[in-house]
Amino acid sequence: MWISKRIANRPGPEARLAVGEVTGGAGADVAAQGESEYRGLRLVSPWGIAFLPPAGARAVMVTAGTGESVCAGTLVPDMGIEPGELMLFSAGGARVCLKNTGEVVINGQSFAPRGGA
């Protein structure tokens, strides 16, 4: 019993956050330069969404107490959306926006919801 309490109360290694610039990437890995250089960073995203940020994107890196680092995402530029809206966009200019009105806007073409929002 005292061993488990002692282990539970022992401070463990802490995670660290860093922001840096993506310098390259391939597959599901990126490289970034922040306070230090990061290579072979795995990308973290919600299930079903895959992305590979372009060089120059501002990335957020998380380093676990074990020393393993991942790219937790990128800083999002102001896209002019309202709270509650979602936009998917690519470096090539493609955009899909889900509006609070129920409307879907794909590359500037608007689609109204069927049967009301």
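FYI, the numbering for the sequence shown is -2 to 114, going by our numbering. The beta-carbon is built from N, C-alpha and C at its ideal position, and this holds for glycine as well.
Taking residue i and residue j to be in contact with their CB atoms under 8 Å, please state how far apart those CB atoms are, rounded to whole angstroms.
i	j	result
V27	P50	6 Å
V59	A12	6 Å
I'd like to check one pair, residue j with residue i: are the Cβ atoms closer than 9 Å?
i	j	result
V57	G70	yes
L40	A25	yes
P10	A61	yes
Between the options, which lies nearest to residue i when the distance is taken from Cα to Cα?
i	options	result
S33	G45, I46, V19 and G77	V19
T98	S66, G81, A15 and T63	G81
L14	P43, C68, G21 and W44	C68
Under the rule that 16 or more other beta-carbon atoms within 10 Å means buried, what is residue i, buried or exposed?
i	result
G17	buried
S66	buried
E54	Correcting the residue identity first, residue 54 is Ala in this sequence and not Glu. That one is buried.
What's the gap between the Cα of residue i and the Cα of residue j?
i	j	result
I46	Q106	23 Å
I103	A23	27 Å
K96	G89	21 Å
G112	V101	14 Å
M76	G64	34 Å
C119	S87	Since the first residue shown for the chain is -2 and the last is 114, residue 119 is missing from the structure and cannot be characterised.
R92	S42	19 Å
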